[in-house]
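Chains as they are written, first to last, in UniProt numbering: chain A, 1 to 123; chain B, 1 to 123. Ideal Cβ placement from N, Cα and C applies to all residues, glycine included. As C-alpha cells, the structure follows; a few thoughts come after it.
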DNA sequence: TTGAAACATTCTTTTGAAGGAATATTCCTT
DNA sequence: AAGGAATATTCCTTCAAAAGAATGTTTCAA
C-alpha cells in the first residue's frame, strides 16, 4: 500500500537479487552466450534458464539476438550505468553528513524540551 | 542447487530489492532517523518498520544507536562502496568487449562446421 | 509505582516467486 | 516430409518472505 518506487529502478535490484540470475549476469560478463550454454555452465535446467533470462530481459538487464535456432543473450550497459549513478549519489551525501548523528540527537532533545511549561501537551 | 554465490554480496542486493526497504534507505540518505519517524514518513506500521530495519541491519546496510527510549538508525557506507566496486568492474569489462557478439557467432559456426566431414556426430 | 511512549518480537495468514515436469514452437538437416 | 535440436511456455507444487495483529520489553515521567 502506498508503494512509492523512489527514483531508481527498483526493478533492476529485484532482478539481480536472485542468486541464479546474478550468476547469469556474472557469466555473461565474459561475453554473449546461448541459453544452452548458460544452463550448462551454471547447472541449470533449460526451462529455468529461459525463465530467468526472461526476467532479466524484461528488466532491461539483458538483450537477445535470435540466430536461427539459438538465442544469444548479452548484457546491456544501461542498468549498470544507472546503478552506478545511484550508488554515487549516495556516497556523496553520506560523506558530507556522516556524523551529524549528534545534530539529530540535539534535534530530538529540542522537541522534548519541557522548559518552563507545565503540562502543556501538544499532541 | 549448486548455488554459487559469486563474488559480491548477494545479500546486499536482496535486502535492497524490497520496495519498503529501498524507501527506508532513500529516506535515511537525508540523515539518521528513529524508527517512529521512518514509519510515519513512509506510512508504515511500526512493527513492519522495525522488521525491515532489522533486515537492513543484519545485512550491514544500516546501524543502530540506542538513545534511551529511541533507536536511531543510519546508513553505513561499506555496502555502497562494495556495490560501487562491483558495478565498476562490470562497466570496464563491458566497454572492452561490447561487440564481440560477432566473434561469438563465428564461434558457433565453427562448432557446426560440417566442412568436409560427413556424419561424424560427436556427442 | 503506575502509566505511557518507543521499539522489538512472536505467531499466523497471505502472496508471490522459483522449481519441476511436460508440452509447444521454431528452425535446421537429411 | 520427418525428425531432432534449441528454446519458450504452461501448469502445478512448494516455499519463503511480507503483512497483520497482538504482546513483550525498556525507559522515562509524574
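For residue 11 of chain A, the CB contacts under 7 Å within the same chain, skipping 5 residues up- and downstream, are 59 in chain order. With distances taken between CA atoms, residue 25 of chain B lies nearest to B:80 out of B:68, B:80, B:104 and B:86.
The Cβ of residue 91 of chain A sits closer than 9 Å to at least one Cβ of chain B. A distance below 7 Å between beta-carbons, with the five flanking residues on each side excluded, links residue 83 of chain B to the following residues of its chain, in chain order: 12. Counted as a single uninterrupted DSSP element, the stretch harbouring residue 17 of chain A is not any beta strand (DSSP E), since DSSP gives it neither H nor E. Nearest Cα to residue 52 of chain B within the set B:92, B:22 and B:95: B:22.
Looking at the DSSP output, residue 72 of chain A bridges to A:34 and A:65. The residue from A:48, A:46 and A:106 with its alpha-carbon nearest to that of residue 72 of chain B is A:106. With contacts defined by Cβ atoms closer than 9 Å, residue 36 of chain B and residue 76 of chain B do not form a contacting pair.
DSSP places residue 23 of chain B in the helix class (H, G or I) of the three-state scheme. In the three-state reduction of the DSSP assignment, residue 42 of chain B falls in the helix class, which pools H, G and I. In the three-state reduction of the DSSP assignment, residue 106 of chain A falls in the helix class, which pools H, G and I.
Using a Cβ-Cβ cut-off of 8 Å, residue 104 of chain B is close to 31, 32, 33 and 72 of chain A, given in chain order.
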